[in-house]
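**Q** Take this structure, written in structure tokens, and hold onto it; I'll ask about it next.
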Amino acid sequence: MPLNLSVLHPRQREAVTAPDQRLLVLAGPGAGKTLVLACRAGWLLAEGQAHPAHTTALTFTQKAARELRARLRLMLGEDTALMAATFHAFALRQIAGHGEPFGIRRRPLVYASDLERRGALMRAIREMGEDPAAWDLDGALATISLARRRLLRPRDLERDDPRLARLMRAYQAVMRRAGAIDFDAMLLLLYLLLSEHPRAAEAIREEARHLLLDEAQDLEEAQWAIVWRLSPDGLFAVGDPLQSIYAWRGADPSLLEAAAARCRVIDLGVSFRCPPGVLAAAREVVKGLPFADREQPSAAPEGPPIVVYHARDPEEEAAFVAREIRRLLKEGAIASPADAAVLFRANHQARELEAAFAQARLPYQVRGDYDLFSAREVREAVALLALTVHPDDPQALATALSARPYRCDDLARRIRYGDGAALPELAAAPDLPPSARGAVSSLLRAIDELRRLEDAPAEAVLREAARLAGYDPARPPATLGAIMRLARNMPGAGPQALLEELWLLREELERGDEEGVSLLTIHAAKGLEWDAVFVVGLAADLLPHRRSLEEKGEEALAEERRLLYVAMTRTRERLYLTTHRYRTSQDGTKATAVAPSPFLKLLPAELVEVRRSI
23 MPLNLSVLHP
33 RQREAVTAPD
43 QRLLVLAGPG
53 AGKTLVLACR
63 AGWLLAEGQA
73 HPAHTTALTF
83 TQKAARELRA
93 RLRLMLGEDT
103 ALMAATFHAF
113 ALRQIAGHGE
123 PFGIRRRPLV
133 YASDLERRGA
143 LMRAIREMGE
153 DPAAWDLDGA
163 LATISLARRR
173 LLRPRDLERD
183 DPRLARLMRA
193 YQAVMRRAGA
203 IDFDAMLLLL
213 YLLLSEHPRA
223 AEAIREEARH
233 LLLDEAQDLE
243 EAQWAIVWRL
253 SPDGLFAVGD
263 PLQSIYAWRG
273 ADPSLLEAAA
283 ARCRVIDLGV
293 SFRCPPGVLA
303 AAREVVKGLP
313 FADREQPSAA
323 PEGPPIVVYH
333 ARDPEEEAAF
343 VAREIRRLLK
353 EGAIASPADA
363 AVLFRANHQA
373 RELEAAFAQA
383 RLPYQVRGDY
393 DLFSAREVRE
403 AVALLALTVH
413 PDDPQALATA
423 LSARPYRCDD
433 LARRIRYGDG
443 AALPELAAAP
453 DLPPSARGAV
463 SSLLRAIDEL
473 RRLEDAPAEA
483 VLREAARLAG
493 YDPARPPATL
503 GAIMRLARNM
513 PGAGPQALLE
523 ELWLLREELE
533 RGDEEGVSLL
543 TIHAAKGLEW
553 DAVFVVGLAA
563 DLLPHRRSLE
573 EKGEEALAEE
583 RRLLYVAMTR
593 TRERLYLTTH
603 RYRTSQDGTK
613 ATAVAPSPFL
623 KLLPAELVEV
633 RRSI
């Protein structure tokens with residue numbers, strides 16, 4: 023089936039139809055990155071240069087993977103069976119199929135929450151003969167995570183940090199007995215399969231002879247190491263080093279620079295989203311950073327000047343934003359509240375905005391990254407699902423025994439932080455008190471009921487899990503209700519398929535009025551766009567963020583500049599940058615003067631309209 027490439031700009035067409043070799047496509051904001059990635063996949067398949075079974079697309083989010091699959095179905099037909107997944111989803115699939123070298127003989131359980139990992143770590147420390155109270159648990163988990171992201175195993179740490187090496191071994195042993203892994207372990211195990219197990223590596227590489235890579239600037243060291251071992255010659259990567267804003271996750275723009283040295287580089291150049299003035303101002307913010315000197319003209323029409331508003335305090339700043347959005351709606355400059363967004367550096371900045379929007383009766387939604395496993399009701403329903411697949415998982419058992427229908431808190435605490443008993447052992451234990459035995463018997467019946475739903479769609483399984491956890495599926499708590507809505511579109515059937523989708527979608531839950539103004543962090547706004555964008559809180563201690571600068575200095579300052587660049591380039595037409603002069607203490611007794619962000623001085627005066635509150 024021939025592919026229609028007439029919609030592509032010449033640079034886009036050059037990238038899509040380039041000879042099969044290592045390619046890195048630089049795509050600035052609004053340059054058509056997603057379109058190019060989808061067309062490249064479609065072109066390879068339509069021209070017979072690739073087969074779906076040997077083509078894999080790796081994305082940064084599940085949402086991006088779904089969008090790519092949808093575009094390919096439109097281009098090539100409903101039966102296009104291309105693998106498009108996040109790095110972690112791809113890793114989980116390969117570990118499930120080739121995990122024998124690590125003692126994994128079935129699809130592993132994913133410990134996605136801090137509570138689960140902390141419980142496993144506490145058991146590991148006790149097995150070492152030490153007291154968990156003597157450890158900084160969060161610090162230890164962060165250190166283990168960092169070591170794994172650097173592809174280090176316990177034996178690699180023996181000489182420099184034998185205590186950490188011992189802890190990692192004990193933690194891995196606890197996880198292995200539970201049949202569980204965490205997200206950092208997924209990447210490490212996939213890397214080990216590709217580098218140390220030739221038979222598994224050959225099978226995995228067969229699926230990725232052609233590897234399409236989205237958001238390449240956000241990859242960390244372990245992911246790039248996997249890429250080079252997975253498909254060193256069939257790589258098609260798309261990214262923008264000026265939009266690298268995930269250093270706290272291990273992303274480093276220098277890794278993309280290193281990749282550029284190994285690839286043919288094509289720069290898409292033209293932005294079809296941002297007005298020329300906005301793009302010019304945003305480029306001044308990142309001037310001097312690597313890759314910032316490349317040309318990127320705008321094909322969008324010129325918009326109004328960038329408004330820089332100096333408010334008295336955060337409350338007045340929020341009131342200005344609400345008033346201005348009201349004015350834009352009244353004058354028809356934006357068609358609905360959903361066409362506007364307010365971006366901020368830190369979540370706490372949403373408080374004043376929510377108050378101002380409520381007072382102005384302006385509909386809004388607070389968007390961002392929410393952990394599907396953090397709410398109690400979600401953890402309890404998911405624990406029941408997990409026990410249908412992994413009855414020997416002590417973390418799931420402890421959580422389920424805390425749920426209302428089975429409430430046995432003493433037993434739950436003993437399992438989570440003590441002996442780590444599994445459900446089959448517990449059911450057979452002769453010394454259980456009558457109340458605990460009744461709770462365990464009820465739990466076993468609930469698990470059996472869920473297992474009988476092996477062929478049921480995801481939403482039906484989740485509704486039943488919610489009911490068995492003690493919640494009314496017809497009137498569930500808000501978080502459970504949001505997940506039920508997501509479950510309507512989840513593929514697969516039965517508890518295990520639902521579990522996998524929930525683990526991989528855990529960061530994509532949103533709350534609020536979908537027809538309202540979006541309130542979200544700059545990190546959460548990446549990849550999105552609106553007609554009118556307000557970036558609030560451009561104060562010297564917020565953007566750039568003081569704590570970030572104190573910890574990482576110049577490297578952090580560069581990332582903060584890229585962060586503002588990302589924020590500014592989310593707009594299709596209007597851009598507002600706001601700051602405030604004073605901030606009141608939490609008890610309301612003291613006002614502190616606040617300097618504006620130094621980034622505001624980088625904006626060309628001829629592109630800016632300055633306004634001030636009285």
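Letter 420 of the sequence shown, counting from 1, is numbered 442 in this note's numbering, and no numbers are missing.
Ideal Cβ placement from N, Cα and C applies to all residues, glycine included.
Can you give me the C-alpha to C-alpha distance between L264 and A238, rounded to a whole angstrom?
**A** If you number the sequence shown from 1, residue 264 lands on position 242. If you number the sequence shown from 1, residue 238 lands on position 216. Their backbone Cα atoms lie some 11 Å apart in a straight line.
**Q** My output table needs one value for T77: the three-state DSSP class, helix, strand or coil.
**A** Taking the sequence shown and counting its residues from 1, one reaches residue 77 at position 55. In this structure, T77 counts as strand in the three-state DSSP scheme.
**Q** Candidates P427, T83, R191 and F124: which alpha carbon is nearest A107's?
**A** By 1-based counting over the sequence shown, the position of residue 107 is 85. Out of P427, T83, R191 and F124, T83 has the C-alpha closest to the C-alpha of A107.
**Q** Just how far apart, CA to CA, sit L433 and L445?
**A** One-based indexing of the sequence shown puts residue 433 at position 411. One-based indexing of the sequence shown puts residue 445 at position 423. Distance between the alpha carbons of L433 and L445 is about 12 Å.
**Q** Since Y193 is in the alpha helix (DSSP H), which residue starts that stretch and which ends it?
**A** What you label residue 193 is simply residue 171 of the sequence shown in a count that begins at 1. Run containing Y193: P184 to R199, per the alpha helix (DSSP H) assignment.
**Q** Could you work out which residue in A478, A480 and R145 is closest to V715 when comparing CA atoms only?
**A** Summary: the structure shown does not reach residue 715, with the chain confined to residues 23 through 636, and so no result is reported for it.
**Q** DSSP three-state call for E530: helix, strand or coil?
**A** Here residue 530 refers to the residue found at position 508 when the sequence shown is read from its first residue. Per-residue confidence for E530 stands at a pLDDT of 47, beneath the threshold of 50, marking its modelled position as unreliable; the derived number appears in the next sentence. E530 falls in the coil class under three-state DSSP.
**Q** So what's S540 in DSSP terms, helix, strand or just coil?
**A** Stepping through the sequence shown from its first residue, residue 540 is reached at position 518. S540 falls in the strand class under three-state DSSP.
**Q** Would you identify the three-state DSSP class for L350, choosing helix, strand or coil?
**A** Sequence index remark: in the sequence shown, residue 350 carries index 328 (1-based). Helix, per DSSP.
**Q** Looking at C-alpha atoms only, which residue of G291, E69, L560 and R373 is the closest neighbour of A589?
**A** As a position in the sequence shown, residue 589 is number 567, starting the count at 1. Residue L560 is the option with its Cα nearest to A589.
**Q** Measure the alpha-carbon distance for L131 versus H412 and round it to whole angstroms.
**A** Working through the sequence shown from its first residue, we reach residue 131 at position 109. Working through the sequence shown from its first residue, we reach residue 412 at position 390. When rounded, the separation of the alpha-carbon atoms in L131 and H412 is 7 Å.
**Q** Going by C-alpha distance, which of R633, A627 and E631 is nearest E306?
**A** Reading the sequence shown from its first residue, position 284 is the one you call residue 306. Out of R633, A627 and E631, A627 has the C-alpha closest to the C-alpha of E306.
**Q** Find the nearest neighbour of E69 within the set H120, P359, L98 and K55, judged by alpha-carbon distance.
**A** Taking the first residue of the sequence shown as 1, we reach residue 69 at position 47. Of the listed residues, the one whose Cα sits closest to E69 is L98.
**Q** Return the residue from the list L241, E224 and L137 that minimises the CA-CA distance to R171.
**A** As a first step, residue 171 must be located in the sequence shown, where it is residue number 149. If we check each option's Cα against that of R171, L241 comes out closest.
**Q** What are the start and end residues of each continuous beta strand (DSSP E) run of 3 or more residues lying completely inside the stretch 62 to 136, in chain order?
**A** Within the stretch 62 to 136, the beta strand (DSSP E) runs of at least 3 residues that lie entirely inside it are, in chain order, 77 to 81 and 105 to 108.
**Q** Would you report the Cα separation of T593 and I117, rounded to the nearest angstrom?
**A** Within the sequence shown, numbered from 1, the residue matching residue 593 stands at position 571. Within the sequence shown, numbered from 1, the residue matching residue 117 stands at position 95. Using only the alpha carbons, I get a separation of about 41 Å.
**Q** Which same chain residues end up closer than 6 Å to R634 when comparing Cβ atoms and leaving out the 5 residues on each side of it in sequence?
**A** For this step, residue 634 is matched to residue 612 along the sequence shown. Around R634: H332.
**Q** In three-state DSSP terms, what is T421?
**A** Position 399 of the sequence shown, counted from the first residue, corresponds to residue 421. In the structure shown, T421 sits in a helix (DSSP, three-state: H, G or I).
**Q** Under a Cβ-count criterion, where at least 16 other Cβ atoms within 10 Å of its own Cβ denotes burial, should L531 be classed as buried or exposed?
**A** Position 509 of the sequence shown holds residue 531. Only weak support exists for where L531 lies, its pLDDT of 44 falling under 50; the coordinates are left without a value.
**Q** Give the DSSP-derived three-state secondary structure of A368 in the structure shown.
**A** Here residue 368 is taken as the residue at index 346 of the sequence shown, counted from 1. Coil, per DSSP.
**Q** Answer yes or no: do A72 and L66 have a C-beta to C-beta separation smaller than 8 Å?
**A** Sequence index remark: in the sequence shown, residue 72 carries index 50 (1-based). Sequence index remark: in the sequence shown, residue 66 carries index 44 (1-based). In contact: A72 and L66 (Cβ atoms closer than 8 Å).
**Q** Could you have a look at A561 and say whether DSSP puts it in helix, strand or coil?
**A** Along the sequence shown, read from residue 1 onward, the residue named residue 561 stands at position 539. A561: strand per DSSP, three-state reduction.
**Q** Where L406 and G516 are concerned, what is the direct C-alpha to C-alpha distance, given to the nearest angstrom?
**A** For this step, residue 406 is matched to residue 384 along the sequence shown. For this step, residue 516 is matched to residue 494 along the sequence shown. In a straight line, the C-alpha of L406 is about 13 Å away from that of G516.
**Q** Whose C-beta lies closer than 6 Å to the C-beta of G257 among residues of the same chain, with five residues either side of it excluded?
**A** Translated into positions along the sequence shown, residue 257 becomes position 235. Checking the sequence, you will find Leu at residue 257 rather than Gly. So the list reads R44 and L233, once near-sequence residues are dropped.
**Q** To which residues of the same chain is S217 closer than 7 Å at the C-beta, ignoring the five residues directly before and after it?
**A** As a first step, residue 217 is located in the sequence shown; it is residue number 195 there, counting from the start. Shown here for S217: same chain residues with a beta carbon closer than 7 Å to its own, the five before and five after excluded, namely R251 in chain order.
**Q** Measuring CA to CA, which of A86, A314 and L521 is closest to R584?
**A** By 1-based counting over the sequence shown, the position of residue 584 is 562. Selected option, being the one with the closest Cα: A314.
**Q** Keeping to the same chain, check which residues put their C-beta closer than 6 Å to that of L419; ignore five residues upstream and five downstream.
**A** For the purposes of this step, residue 419 is identified with residue 397 of the sequence shown, where counting begins at 1. Taken in chain order, the residues that qualify are I437 and L445.
**Q** Given this structure, state the Cα-to-Cα distance separating V400 from A488, to the nearest angstrom.
**A** In the sequence shown, the residue the question calls residue 400 occupies position 378. In the sequence shown, the residue the question calls residue 488 occupies position 466. If I take the Cα positions, the gap works out to 8 Å.
**Q** Taking DSSP as the reference, what is the three-state secondary structure of R373?
**A** Counting from 1 along the sequence shown, the entry for residue 373 is found at position 351. Residue state, collapsed to three classes: helix.
**Q** For T601, report the span of its beta strand (DSSP E) as first-last.
**A** The residue given as residue 601 occupies position 579 in the sequence shown. Per DSSP, T601 belongs to the beta strand (DSSP E) from T593 to H602.
**Q** Quick check: the stretch 537 to 552 against the stretch 355 to 362, are at least 3 beta-carbon pairs closer than 8 Å?
**A** The answer is yes - the stretch 537 to 552 touches the stretch 355 to 362, with three or more Cβ pairs under 8 Å.
**Q** Please report how far the alpha carbon of A372 lies from the alpha carbon of R62, in whole angstroms.
**A** Looking up residue 372 in the sequence shown gives position 350. Looking up residue 62 in the sequence shown gives position 40. In a straight line, the C-alpha of A372 is about 39 Å away from that of R62.
**Q** Assign A496 to buried or exposed, taking buried as 16 or more other Cβ atoms, counted over all protein chains shown, within 10 Å of its Cβ.
**A** The count along the sequence shown starts at 1 and reaches residue 496 at position 474. Burial check for A496: the Cβ neighbour count within 10 Å stays below 16, so the residue is exposed.
**Q** Starting from E206, trace the alpha helix (DSSP H) both ways and give me its first and last residue.
**A** Counted from its first residue, the sequence shown places residue 206 at position 184. The residue asked about is misnamed: residue 206 is Asp in this sequence, not Glu. Per DSSP, D206 belongs to the alpha helix (DSSP H) from F205 to E218.
**Q** My parser needs the beta strand (DSSP E) runs of 3 or more residues fully inside the stretch 227 to 275; what are they?
**A** 232 to 235 and 257 to 261
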